[in-house]
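Chains as they are written, first to last, in the UniProt record's numbering: chain A, 1 to 332; chain B, 1 to 332.
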């Protein structure tokens, strides 16, 4: 692509915006249709997540945050699987070649690729008459057979979660003029904090190694804590009991709950948290919490795995089970 | 997903239509967010290609052919890289959960996955308000360092291409009522043959090993022979001379040329061929042609790599250079 007349606007777009990101030797400077993940003796963990304008992000979201979100939702999966990022491929469906959008999009994507040591390996850029879509497939490496799955949770395991839960759902609520927007009308800092959590996930890759060392099962929270824990339990053939009072909340989220501006269900079933949810044998729970502390990431015990096939129970401060009408975000 | 109440329609969709395809152990029966490509000592070749309704296929195309095309355009990349298919992940952006569409789509995808020994490893299913989109990232294995790139073409190498060129572009022309449709009004068999080439590519995976053994550079022809050869030459820092009379044409395409119903540029610059274009040192050219014969795939020498940085020249039967106004399909 460098030593030739560009023979299409698509090539020109790729050369201009994305070639600078393709620093890994396996990307061949994007002159090939294919990339190589070189053999290292490790297993390759593969994850794929797409974001669509109007569904996963708003048309009014800035291009730089869209880029970060598209990559980070995949990095979050790798973190939960205990994998070290190895690279990603990008499919970009655009309505047109919009320089004002592509410039900051590619710059932010490149910054995140560098920050998380996850280089762009290749991709496909296509035109669409519809909403923009960004589909990323990301790769990570784990020692052979060591990917952390969803099926290993056992009765007695502690349930741990990183960071705070529900902020992103509240951030979307702020952006779309919901209850949180009204309740925070005079608190721009809280509004901004929540919006930032919606637009820019903070994947916990710094804890991947600790998750691999200690967790019996793990996944990232993307569709809502309640629904995602239900999936993990189903995959492991177990049930769970969660103390809702222990679910970690940000100051902004806690304030809204105290004022009755939003209900806890909104937080437990809201999507886009991109925190790690994992189960850990009791003897190792403190070690993972300590690893989090060392890395500057809160890791909080919120409940316990129990035997059975019932749906996980979410208990309030009085030990009463909450009746959740909704467990998670669903596309259909 | 099996031993649990389904907690979303998305899970139900995945369980119903795609879990039966996830036969590889690395797919974990689609209960996980991530898949594993187990370490084998081989390099992993990664390729990604998306198809969008109204751009890469027509809204009226049958769902089974859309599925096959979405997978095969990726298999074609693997074939050209000399890689053996190892699996794929799928991102499916749907307007709604349409059983009448999803059933035949998933069935055909599963058939092709089996035929080409390329199992579904995972994916993401999302809703979109816009056109449907299918993005596939496919994986193949090659011995360490043996992926066939685009940069190895050397002056003197023969230029070889599999199958026939231009049929898919003519098939699209038939479907959209272009010149080919008019010229073939009384020849339904020819129309059907061309349409089939547009809807269902025939990737040349059976020749992957021979391409790896003999080719100095290779790529698949997806955007048009002229433009794709130009890209390959640019990547290798060489030029080329092509005898257009030697470019292999189907009977239907040749007939349309003879009758002046379409011009040769339509064939050379039309997209969607999904044939292998490769360069081969002269001493190995016969071996690759013989491998094709043994596999039932025509392999035809169409020209030669020459020194220089000029665009490849396309010469007619009199040795005159054709002035191509267009080299390939461009999205922007």
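Built from N, CA and C at the ideal position, the CB exists for glycine as well.
Owing to the predicted nature of the structure, the values given are computational and were not obtained by experimental measurement.
query: 8 Å Cβ cutoff, residue 14 of chain A in contact with chain B; result: no
query: Rounded distance between the beta-carbons of residue 248 of chain B and residue 300 of chain B, thought under 8 Å; result: 4 Å
query: Host beta strand (DSSP E) of residue 125 of chain B (start-end); result: 120-127
query: Euclidean distance between Cα positions of residue 215 of chain A and residue 278 of chain A; result: 6 Å
query: Burial state of residue 81 of chain A (16 or more Cβ within 10 Å); result: buried
query: Given 8 Å, three or more beta-carbon pairs between the region 164-174 of chain B and the region 107-127 of chain B; result: no
query: Same chain, Cβ closer than 7 Å to residue 206 of chain B, five either side skipped, listed in chain order; result: 295 and 297
query: DSSP beta-bridge partners of residue 35 of chain A; result: B:46
query: Spatially closest choice to residue 63 of chain B from B:41, B:76 and B:104, by CA coordinates; result: B:104
query: Chain B contact for residue 133 of chain A (CB, 8 Å cutoff); result: yes
query: Residues that residue 84 of chain A bridges to, as DSSP identifies them; result: A:141
query: For residue 56 of chain A and residue 67 of chain A, the rounded distance between their alpha carbons; result: 12 Å
query: Span separating the alpha-carbon of residue 76 of chain B from that of residue 307 of chain B; result: 28 Å
query: Short-range partners of chain A found in the region 40-65 of chain B, where Cβ spacing is below 7 Å; result: 41, 42, 43, 44, 45, 46, 47, 48, 49, 50, 52, 54 and 55
query: Range of the contiguous beta strand (DSSP E) that encloses residue 240 of chain A; result: 239-243
query: Close Cβ partners of residue 17 of chain B (< 8 Å) along its chain, the five nearest in sequence each way excluded; result: 102, 103, 105 and 106
query: Same chain only: Cβ atoms within 7 Å of residue 69 of chain A, ignoring 5 sequence neighbours per side; result: 51, 57, 199, 200 and 201
query: Interface flag, residue 37 of chain B vs chain A, CB-CB below 8 Å; result: yes
query: Burial state of residue 25 of chain B, where buried means 16 or more other Cβ atoms lie within 10 Å; result: exposed
query: Assigned exposure category for residue 333 of chain A - 16 Cβ within 10 Å defines buried; result: Past the boundaries of the shown model lies residue 333 of chain A; chain A is included only from 1 to 332, so the question cannot be answered.
query: Proximity below 8 Å, CB of residue 36 of chain A to CB of residue 45 of chain B; result: yes
query: Whole-angstrom C-beta distance between residue 224 of chain B and residue 327 of chain B, which should lie under 8 Å; result: 6 Å
query: Close beta carbons around residue 251 of chain A, own chain, < 8 Å, minus the five adjacent residues each side; result: 190
query: Residues near residue 233 of chain A in its chain [Cβ-Cβ closer than 6 Å; skip 5 each side]; result: 239, 240 and 312
query: Extent of the continuous beta strand (DSSP E) to which residue 193 of chain B belongs; result: Unbroken run through residue 193 of chain B is the alpha helix (DSSP H), 188-199; no beta strand (DSSP E).
query: Segment limits, beta strand (DSSP E) that includes residue 217 of chain B; result: 217-221
query: Euclidean distance between Cα positions of residue 87 of chain A and residue 116 of chain B; result: 26 Å
query: C-beta contact flag for residue 280 of chain B and residue 79 of chain B at 8 Å; result: no
query: Of the listed residues B:184, B:84 and B:133, nearest to residue 96 of chain B (C-alpha basis); result: B:133
query: Residue range of the beta strand (DSSP E) that includes residue 60 of chain A; result: Premise fails: residue 60 of chain A is in no beta strand (DSSP E) and is neither H nor E.
query: C-beta neighbour in chain A for residue 34 of chain B, strict 8 Å; result: yes
query: Exposure label - residue 321 of chain B; buried when at least 16 CB within 10 Å; result: exposed
query: Cβ-based burial, residue 98 of chain B [other Cβ within 10 Å; buried from 16]; result: exposed
query: Own chain residues within Cβ distance below 7 Å of residue 4 of chain B, not counting five before or after; result: Its pLDDT being 34, under 50, residue 4 of chain B is placed unreliably by the model, and the measurement read from it follows with that caveat. If we look at residue 4 of chain B and ignore the five residues flanking it on each side, it has no Cβ neighbours.
query: Closer than 8 Å to chain A by CB, residue 123 of chain B; result: yes
query: Rounded separation between residue 148 of chain A and residue 217 of chain A - CA only; result: 6 Å
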